[in-house]
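Asker: Numbering (my numbering), first residue to last: 762 to 943. The C-beta atom is built at its ideal place from N, Cα and C for all residues, glycine as well. Questions regarding the structure given below will be posed in turn.
Structure (structure tokens):
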């Protein structure tokens, strides 16, 4: 059995046992004021393959926000069947976001500790007013980020070829002869 299968079983058990709270017991969001956002960062963890991914959040004003990255990613399937811990509370998330956190951070040896804005976590998806407010600010959220990370999912056998094709295309686009044609 591979490590992702073991982790999936662990997440399923947490869901079935009620370890991923819903309703009144779910992770709560502090209400946001105008021009405020939440940012999240991973807490270091031991290298155990089935240990819960743990995060902490902070609310900051966009006018005074510390350096943060913004994540652009594919939501994937509609079911939030994996879980992470946010500020001491379990929160169900979708598989692709869980894979991002699992692959890109979280181990004690990993130095990836910057603040990150992730819509599914940083916006209270149960609060329609907050969703509308935050969606209207997304242009500013992404443009003020120190970097924007793009996560399409785990690597496949041809991922390196696709990334090289993008680099080649970008290099070709910058060439003066090419630009003159368009």
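By DSSP's criteria, residue 887 is part of a beta bridge. Which residues make up the other side?
Answerer: Note: residue 887 sits in no beta bridge, so no partner.
Asker: Buried or exposed: which applies to residue 846, given that a residue is buried once 16 or more other Cβ atoms fall within 10 Å of its Cβ?
Answerer: So residue 846 ends up on the buried side.
Asker: Check this for me: beta carbons of residue 879 and residue 886, under 8 Å apart or not?
Answerer: Contact: no.
Asker: Just the C-alpha distance for residue 859 and residue 819, rounded to the nearest angstrom, thanks.
Answerer: Whole-angstrom Cα-Cα distance: 20 Å.
Asker: Measure from the alpha carbon of residue 825 to the alpha carbon of each residue in 816, 832, 795, 916, then state which is nearest.
Answerer: Closest option to residue 825, Cα to Cα, is 795.
Asker: Looking at the strands, I want to know which residues DSSP matches up with residue 985.
Answerer: The chain is shown only over 762 to 943; residue 985 falls outside these bounds and no answer can be derived.
Asker: Are the CB atoms of residue 802 and residue 877 within a distance shorter than 8 Å?
Answerer: Against a cut-off of 8 Å, the Cβ pair of residue 802 and residue 877 comes out as a contact.
Asker: Helix, strand or coil for residue 907, going by three-state DSSP, please let me know.
Answerer: DSSP places residue 907 in coil when its eight states are reduced to three.
Asker: Hey, quick one: how far does the beta strand (DSSP E) through residue 793 stretch, first residue to last?
Answerer: No beta strand (DSSP E) holds residue 793; DSSP gives it neither H nor E.
Asker: In this structure, does DSSP put residue 902 in helix, strand or coil?
Answerer: Of the three classes helix, strand and coil, the one that applies to residue 902 here is helix, per DSSP.
Asker: Count the other CB atoms, across all protein chains shown, that sit within 10 Å of the CB of residue 897; report buried if there are 16 or more and exposed otherwise.
Answerer: By the 10 Å Cβ count, residue 897 comes out exposed.
Asker: For residue 790, count neighbouring Cβ atoms within 10 angstroms of its own Cβ and tell me buried if that reaches 16, exposed if not.
Answerer: Residue 790 is buried by the Cβ-count criterion.
Asker: If you run the structure through DSSP and keep just helix, strand and coil, what is residue 854?
Answerer: Looking at residue 854 - three-state DSSP - the assignment turns out to be strand.
Asker: With distance defined between alpha-carbon atoms, name the residue in 861, 839, 828, 882 nearest to residue 850.
Answerer: For residue 850, the nearest C-alpha among the options comes from 882.
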